[in-house]
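Engineer: Submitted below is the structure of interest, expressed as structure tokens.
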Amino acid sequence: MILLDGYKVANERNLELKKKIDEHKKIGDRIPELAIILIGNNPASISYVTGKGKACELVGIKHTLHRLDETISQKEVEKLIFDLNENPEVDGILLQLPIPKHLDDSYLIDLISKDKDADGFHVINQGYLYQKKKTIYPATPKGIMTLLKTYDIQIAGANAVVIGRSNIVGFPVARLLMDAGATITVCHRQTKDLASHTLQADIIIASAGQPELLTKDMVKQGAVVVDVGVNRVNGKLVGDVHFDGVKEVAGYLSPVPRGVGPMTINGLLENTYELYLDHLGK
Ligand code: GUN
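This note's numbering numbers the first residue of the sequence shown as 201 and each following residue consecutively.
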């Protein structure tokens, strides 16, 4: 089994990005900037946002964290997004999800300017993706595709099974894999016999949010398995794949942690840089 080492690939790509940003600084361009909005005190969100902030610092992207109270009103969040949309220093805006239930996440995401949508979640950017037009891709699907390409995984002609149908991961990654020539099956909670699908798969993307859902008996010999799960079980981080079992049959397997997570952050940084170039007109 070959480990899909997202940590290593992301570090290498982040270093390349840092060099590009350093070049901009040398010639006097302004510094790229990402605004991060975090509402409430969800421990996982705080940890994600901290990781994203540190990664920004590493590559030379300025980041500003807007920490808002759990009880903030919809109007106040709207006002902040309007201000950030108008601010010419800000290249990317990220609203960390989930947000408290009294707020309308879908409405707020679409309020972010599509030209500052670092997450690629805006309805227009998702529309571009589904129409195969150039756009900002959601960071996790982007990171997964980069990881597969870095390891020269054959996607064209492959049978790919995506477990999970979210707007953040499952649906967009299925679209990107299909565009790269794979035949796609999207499985989800209502799928009757999950193993009957996964056993046919050359590539499996496990993004169901269920700890160790994918076990050894569900994987074809030599398959490529990408684990998107981030589940905390008894204080430990586990993926959607039973790593110790699946590693015995998979040809390639991404670990949790240090697999898709760092690739997602790299995707976010690269998205922010793309938006920055657009704003500079370069
Ligand atoms: N919550 C879980 N994953 C993500 C992500 O990729 N972006 C944002 N903004 N929130 C998330």
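For each residue, glycine too, the CB sits at the ideal point set by N, CA and C.
Hey, quick one: how far does the beta strand (DSSP E) through Lys252 stretch, first residue to last?
Structural biologist: Taken as a continuous stretch (DSSP letters only), Lys252 belongs to no beta strand (DSSP E), being part of the alpha helix (DSSP H) at 243–259.
Engineer: Cβ of Val446 within 7 Å of Cβ of Lys416?
Structural biologist: Contact: yes.
Engineer: Could you give the DSSP three-state label for Leu203: helix, strand or coil?
Structural biologist: It is a strand residue.
Engineer: Consult DSSP for Val460 and reduce its assignment to one of helix, strand or coil.
Structural biologist: Three-state DSSP puts Val460 in a helix.
Engineer: Val456 and Val430 look like a contact to me (Cβ under 8 Å); what is the Cβ gap, rounded to whole Å?
Structural biologist: Indeed, because the Cβ distance is near 7 Å, the residues count as touching under 8 Å.
Engineer: Take Lys225 and list the residues in its own chain whose beta-carbon comes closer than 8 Å to its own, dropping the five residues that flank it on each side.
Structural biologist: Closer than 8 Å at Cβ, skipping near neighbours: Ile231, Gly260.
Engineer: Which whole-angstrom value describes the C-beta separation of Ala360 and Thr383, a residue pair presumed to lie in contact below a C-beta threshold of 8 Å?
Structural biologist: Yes, they are in contact, since the Cβ atoms of Ala360 and Thr383 sit about 7 Å apart, within 8 Å.
Engineer: May I have the straight-line CA-CA distance separating Asp393 from Cys387, to the nearest angstrom?
Structural biologist: The straight-line gap from Cα to Cα measures roughly 9 Å.
Engineer: DSSP on Tyr476, reduced to helix/strand/coil?
Structural biologist: Tyr476 falls in the helix class under three-state DSSP.
Engineer: Closer than 7 Å by C-beta to Arg375: which residues in its own chain qualify, once you throw out the five before and the five after it? Chain order, please.
Structural biologist: Counting only Cβ-Cβ distances below 7 Å, and skipping sequence neighbours, we find Leu329, Tyr330.
Engineer: What separation, rounded to the nearest whole angstrom, lies between the Cα atoms of Pro341 and Gly370?
Structural biologist: Approximately 8 Å, taken between the alpha carbons.
Engineer: Thinking just about the alpha-carbon of each residue, which of Tyr452, Glu289, Ser396, Val323 is nearest to the one in Ile344?
Structural biologist: Residue Tyr452 is the option with its Cα nearest to Ile344.
Engineer: Skipping 5 residues on each side, what residues in its chain have a beta carbon closer than 6 Å to that of Gln274?
Structural biologist: Only Leu303 meet the Cβ criterion.
Engineer: Can Leu402 and Ala450 be called in contact, C-beta distance under 7 Å?
Structural biologist: Contrary to the premise, residue 402 reads as Asp rather than Leu in this sequence. No, these two residues do not count as a Cβ contact at 7 Å.
Engineer: Could you check what DSSP says for Asn287 in three-state terms: helix, strand or coil?
Structural biologist: Asn287: coil per DSSP, three-state reduction.
Engineer: Flag Leu377 as yes when its Cβ comes closer than 6 Å to any non-hydrogen atom of the ligand GUN, and as no otherwise.
Structural biologist: Not so, every heavy atom of the ligand GUN lies at least 6 Å from the Cβ.
Engineer: Quick one: what does DSSP say Val408 is sitting in, helix, strand or coil?
Structural biologist: For the sequence presented, residue 408 should be read as Ala rather than Val. Coil.
Engineer: Going by Cα to Cα distance, which pick from His263, Gly327, Gly206 is closest to Glu233?
Structural biologist: Ranking His263, Gly327, Gly206 by Cα distance to Glu233 puts His263 first.
Engineer: Check whether the Cβ of Gln326 sits closer than 6 Å to any heavy atom of the ligand GUN, and report yes or no.
Structural biologist: Result no, Cβ not under 6 Å from the ligand GUN.
Engineer: Arg432 and Tyr207 look like a contact to me (Cβ under 8 Å); what is the Cβ gap, rounded to whole Å?
Structural biologist: The Cβ separation is near 19 Å, so there is no contact.
Engineer: In terms of alpha-carbon separation, which member of Gly481, Pro298, Lys279, Met463 lies closest to Asp427?
Structural biologist: Comparing Cα-Cα distances from Asp427 to each of Gly481, Pro298, Lys279, Met463, the minimum goes to Met463.
Engineer: In chain order, which continuous runs of the alpha helix (DSSP H) of length 4 or greater are located wholly inside the stretch 363–411?
Structural biologist: 370–379, 394–398, all fully within the stretch 363–411.
Engineer: Which residue's Cα is closest to the Cα of Leu468: Met378, Lys252, Val441, Asp222?
Structural biologist: The option with the nearest alpha carbon to Leu468 is Lys252.
Engineer: When you compare the CB positions of Gln296 and Ser247, do they come within less than 7 Å of one another, or not?
Structural biologist: No, they are not a contact pair.
Engineer: DSSP has Gly327 in a bridge; who is on the other side?
Structural biologist: Its beta-bridge partners do not exist; DSSP assigns none.
Engineer: Look at the alpha carbon of Leu280 and the alpha carbon of Gln400, and state the distance between them as a whole number of angstroms.
Structural biologist: Cα-Cα distance, rounded: 48 Å.
Engineer: So is Val323 buried or exposed if we call it buried at 16+ other beta carbons inside 10 Å?
Structural biologist: Classification of Val323: exposed, given that the 10 Å Cβ count is below 16.
Engineer: Please indicate yes or no: does the CB of Leu294 lie closer than 6 Å to some heavy atom of the ligand GUN?
Structural biologist: Result yes, Cβ under 6 Å from the ligand GUN.
Engineer: Taking 6 Å as the cut-off, is the CB of Leu215 close to at least one heavy atom of the ligand GUN?
Structural biologist: For the ligand GUN, not one heavy atom lies less than 6 Å from the Cβ of Leu215.
Engineer: Might you give, ordered along the chain, the residues of its own chain that have their beta carbon closer than 7 Å to the beta carbon of Gly422, omitting 5 neighbours on each side?
Structural biologist: Same-chain partners within the cutoff: Gly451.
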